[in-house]
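Participant: Structure in structure tokens, see below.
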Amino acid sequence: MITLLVAGCATSQEALMPVGDTTMMEIWQNQAGHSTGERRLLDVRSELRRPLESPELVSEQLRYSRDASNEIYSQFRRLPNPDLVMYVFPHLAGSEQVPVPGYSTVFPLYQRTQYAMPGESARPSATLESRDDEGRAR
Numbered sequence: 068m069i070t071l072l073v074a075g076c077a078t079s080q081e082a083l084m085p086v087g088d089t090t091m092m093e094i095w096q097n098q099a100g101h102s103t104g105e106r107r108l109l110d111v112r113s114e115l116r117r118p119l120e121s122p123e124l125v126s127e128q129l130r131y132s133r134d135a136s137n138e139i140y141s142q143f144r145r146l147p148n149p150d151l152v153m154y155v156f157p158h159l160a161g162s163e164q165v166p167v168p169g170y171s172t173v174f175p176l177y178q179r180t181q182y183a184m185p186g187e188s189a190r191p192s193a194t195l196e197s198r199d200d201e202g203r204a205r
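Note that the working numbering has the sequence shown beginning at 68, numbered continuously upward.
Written as structure tokens, this is what we have:
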């Protein structure tokens, strides 16, 4: 047993782990893909790569693609529900007559959000004829 311990300590570091010619920087660059062979390969690959589709075609296809949000917003448009601004003047409130400063609050005109039916529009049609003051078509 003692012989094994003495034999283990007698072995040199170079015999167990031989030192190579490459430095740590060279090993790092080779593993990170900075070697000249890999760089040439990447250059050749980048020349062969091309976009799968032209950007114009992609943008055109996106307009016609079906997804939930596109269908909801295009088929069921929200009808206008204007916001009303109300000013509450300074006043005294409660049984203790606590002073409350003036403030503004905003609330919608209609209680619920209304949606148009498919094909229905909340805006007036542009095909309506313009009329004069007496209601006759011009």
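C-beta atoms are modelled at their ideal positions from N, C-alpha and C, and glycine is treated no differently.
Computed from a predicted structure; not experimentally measured.
Cutting at 7 Å between CB atoms, please list the residues of its own chain near L176, excluding the five before and the five after it.
Facilitator: N148, P149 and L151
Participant: Quick one: what does DSSP say R151 is sitting in, helix, strand or coil?
Facilitator: Reading the sequence as shown, one finds Leu at residue 151 and not Arg. The answer is strand: DSSP assigns L151 an E or B state.
Participant: Output the distance between the C-alpha atoms of V155 and M184, rounded to the nearest integer angstrom.
Facilitator: 37 Å
Participant: Nearest to P168 by alpha carbon, out of S162, H158 and F174?
Facilitator: H158
Participant: Could you tell me the alpha carbon to alpha carbon distance between S136 and L146, rounded to whole angstroms?
Facilitator: 17 Å
Participant: Does the separation of the CB atoms of R144 and Y182 fall below 8 Å?
Facilitator: yes
Participant: Have a look at E114 and D88 and give me their C-alpha separation to the nearest angstrom.
Facilitator: 35 Å
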